[in-house]
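A.B. asks: Let me give you the structure first, and then I'll get to my questions.
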Amino acid sequence: SAKLLTTGVMVAWLIAPVHSLAHGNWPPKHGGQMNDDGGEVTVELVAKDRQVTLYLEDHGDPIPSAKIKGTLRVQRVSVDWAVAPKPARQNQVLAQLPQALRDGDGVWVDVSFPNGSIAQAKFVYREDVQSRNQRLVGKK
Numbered sequence: 447s448a449k450l451l452t453t454g455v456m457v458a459w460l461i462a463p464v465h466s467l468a469h470g471n472w473p474p475k476h477g478g479q480m481n482d483d484g485g486e487v488t489v490e491l492v493a494k495d496r497q498v499t500l501y502l503e504d505h506g507d508p509i510p511s512a513k514i515k516g517t518l519r520v521q522r523v524s525v526d527w528a529v530a531p532k533p534a535r536q537n538q539v540l541a542q543l544p545q546a547l548r549d550g551d552g553v554w555v556d557v558s559f560p561n562g563s564i565a566q567a568k569f570v571y572r573e574d575v576q577s578r579n580q581r582l583v584g585k586k
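The opening residue of the sequence shown carries number 447 in the working numbering; numbering runs sequentially from there.
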């Protein structure tokens, strides 16, 4: 049935390995994970304790975050929550979570820009990917 197929696709997406490059072009600049859904906007997710920092770029160019609005949603096996990230410096958006991210958490980001355009990014959080990327950019 369609419901079973949809559930199967979601499970496959959640257990699929995460690529550390978005669109195959942009390595992480801040030691985080890159969205792997190939949209126009590149989102890098950096998690530290309960804080998540998102870095937004369009083909390598920073996107000013001053008037950006959005939602960051986290889905864990038994928990699902959403928070509204706040614009920060330059192309950064910050979100304070009720709990720190854990391996395997699904993270969905929806962002709307002042011109009316939107961007979406999805991640499966993996501590090993973030640790490796932080070593590569000299953050650890």
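Ideal Cβ positions, reconstructed from N, Cα and C, are used throughout, including at glycine.
When you compare only the Cα positions, how much space is there between K475 and V583?
C.D. replies: By one-based count along the sequence shown, residue 475 stands at place 29. By one-based count along the sequence shown, residue 583 stands at place 137. For K475 and V583, the distance between alpha carbons rounds to 7 Å.
A.B. asks: Given a threshold of 16 other Cβ atoms within 10 Å of its Cβ, counted over all protein chains shown, does D542 qualify as buried or as exposed?
C.D. replies: The residue given as residue 542 occupies position 96 in the sequence shown. For the record, residue 542 in the displayed sequence is Gln; it is not Asp. By the neighbour-count rule (16 or more Cβ atoms within 10 Å), Q542 is not buried but exposed.
A.B. asks: Helix, strand or coil for S558? Go by DSSP, reduced to three states.
C.D. replies: Translated into the one-based positions of the sequence shown, residue 558 becomes position 112. In the structure shown, S558 sits in a strand (DSSP, three-state: E or B).
A.B. asks: Do you know whose CA, among S563, K568 and R581, lies nearest I509's CA?
C.D. replies: Taking the first residue of the sequence shown as 1, we reach residue 509 at position 63. It is S563.
A.B. asks: What residue ranges within the segment 468 to 542 form continuous alpha helix (DSSP H) runs of no fewer than 4 residues, ordered along the chain?
C.D. replies: none
A.B. asks: Among D482, S524 and V529, whose alpha-carbon lies nearest the alpha-carbon of T499?
C.D. replies: Locating residue 499 in the sequence shown gives position 53, counting from the first residue. Checking every option, the nearest Cα to that of T499 belongs to V529.
A.B. asks: Output yes or no for whether 7 Å exceeds the beta carbon distance between R522 and D483.
C.D. replies: The residue labelled residue 522 in the question sits at position 76 within the sequence shown. The residue labelled residue 483 in the question sits at position 37 within the sequence shown. No, the Cβ-Cβ distance between R522 and D483 is not below 7 Å.
A.B. asks: Given a cut-off of 7 Å, decide if D556 and E573 are closer than it, judged by their beta-carbon atoms.
C.D. replies: By one-based count along the sequence shown, residue 573 stands at place 127. By one-based count along the sequence shown, residue 556 stands at place 110. Cβ atoms of E573 and D556: not closer than 7 Å.
A.B. asks: Specify, as a first and last residue, the run of the alpha helix (DSSP H) that V583 falls within.
C.D. replies: Counting from one through the sequence shown, the residue named residue 583 turns up at place 137. Counting along the chain, V583 falls outside any alpha helix (DSSP H), and DSSP gives it neither H nor E.
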